[in-house]
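First the structure, in the form of structure tokens, and then the observations on it.
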Amino acid sequence: MADRGTALAVYVPGSSVIHRLPAGLKLLALVAAGAAVLALGSPLSAGIAVAVAALGFAAARLGPRYAWRGVRPTWIFLLGIFAFQWWTADLSRAVGVVGSIVALVLAATLVSLTTRTTDMIDAIVWLLGPLRRVGVNPDRVALQLALGVRAVPLVAELAETARQAQYARGRRGSPRAFAVPLVVRALRRADAMSDALHARGLDD
Numbered sequence: 004m005a006d007r008g009t010a011l012a013v014y015v016p017g018s019s020v021i022h023r024l025p026a027g028l029k030l031l032a033l034v035a036a037g038a039a040v041l042a043l044g045s046p047l048s049a050g051i052a053v054a055v056a057a058l059g060f061a062a063a064r065l066g067p068r069y070a071w072r073g074v075r076p077t078w079i080f081l082l083g084i085f086a087f088q089w090w091t092a093d094l095s096r097a098v099g100v101v102g103s104i105v106a107l108v109l110a111a112t113l114v115s116l117t118t119r120t121t122d123m124i125d126a127i128v129w130l131l132g133p134l135r136r137v138g139v140n141p142d143r144v145a146l147q148l149a150l151g152v153r154a155v156p157l158v159a160e161l162a163e164t165a166r167q168a169q170y171a172r173g174r175r176g177s178p179r180a181f182a183v184p185l186v187v188r189a190l191r192r193a194d195a196m197s198d199a200l201h202a203r204g205l206d207d
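Numbered by my numbering, the letters in the sequence shown go through residues 4 to 207 in order.
So this is what it looks like as structure tokens:
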């Protein structure tokens with residue numbers, strides 16, 4: 004079970020080949036795959052990306068429920084994007100765009116579940132080390148990127164909690180009953196994260 008003690012704790016301990024891969028390699032693969040999928044944007048490339056992400060979950064010994072939990076809370080957003088793309092372009096474009104987003108969500112979730120935050124930050128600092136010469140602060144960039152990757156499954160978790168609360172109140176058809184609690188929970192989590200960063204002197 005993932006540790007939920009802190010705002011960033013979504014790592015699931017394991018000894019799979021995906022867990023053992025260097026954090027830097029996983030991050031580079033995530034960036035490269037994301038760029039390729041978004042650049043192509045076709046149903047075929049999106050389908051291949053989703054299949055590869057699914058194989059990654061299997062290799063990490065993470066059941067389908069982990070992948071499903073990452074995608075399920077985004078269905079309203081995906082439905083809106085699908086409808087917009089179909090209306091402004093065509094069905095093929097809609098499938099390609101939505102499929103690409105699903106693939107990226109799955110990939111980011113997989114990286115978060117199999118990579119410790121400290122390892123992720125250390126890898127980014129190492130990769131960006133040469134940029135110190137031009138005034139870039141690798142530590143700051145690493146923290147921001149790590150938080151960005153963590154935000155995908157975190158928001159999905161908050162959305163799932165809001166959805167369950169909405170159903171418990173018998174208001175399944177009310178967008179406001181879903182959106183308002185989600186925004187409130189997200190702001191509270193952001194405040195908690197800000198306090199944690201401030202306590203560690205990482206807020207400036």
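Positions of the beta carbon are idealized from the N, C-alpha and C atoms, including for glycine.
When the options are compared against residue i, the one with the closest alpha-carbon
i: G73; options: L190, R188, A162, G37; result: A162
i: G37; options: G102, R191, V187, L185; result: G102
i: F80; options: V158, V114, A171, Q167; result: V158
i: R188; options: E160, L134, R172; result: E160
i: I104; options: L185, L41, G173; result: L41
i: L148; options: T77, G173, A126; result: A126
Residue i, DSSP secondary structure in three states
i: D125; result: helix
i: Y14; result: coil
i: G44; result: coil
i: P141; result: helix
i: S103; result: helix
i: G66; result: coil
i: S19; result: coil
i: D6; result: Bear in mind that the predicted position of D6 carries a pLDDT of just 40, short of 50, making it too unreliable to give a figure here.
i: P25; result: coil
i: A92; result: coil
Exposure of residue i, with buried meaning 16 or more beta-carbon neighbours within 10 Å
i: A10; result: With a pLDDT of only 35 at A10, under the threshold of 50, the placement of this residue in the model should not be trusted, and no figure is reported.
i: Y170; result: exposed
CB contact flag (residue i, residue j, <7 angstroms)
i: A92; j: L33; result: no
i: L190; j: A165; result: no
i: V114; j: K29; result: yes
- Task: Determine, using beta-carbon pairs with one atom in the stretch 135 to 142 and one in the stretch 44 to 57, whether at least three such pairs fall under 8 angstroms.
- Result: Short answer: they don't touch.
- Could you say if the stretch 119 to 130 and the stretch 68 to 87 meet the contact criterion of at least three C-beta pairs nearer than 8 angstroms? No: the two stretches stay apart, fewer than three of their Cβ pairs being nearer than 8 angstroms.
- Message: With three or more beta-carbon pairs closer than 8 angstroms as the criterion, would you say the stretch 20 to 31 touches the stretch 59 to 67?
- Response: A contact exists between the stretch 20 to 31 and the stretch 59 to 67.
- Message: Pairs of beta-carbons, one from the stretch 105 to 115 and one from the stretch 47 to 56, closer than 8 angstroms: are there three or more?
- Response: Taking 8 angstroms as the limit for Cβ pairs, the verdict is that the stretch 47 to 56 does touch the stretch 105 to 115.
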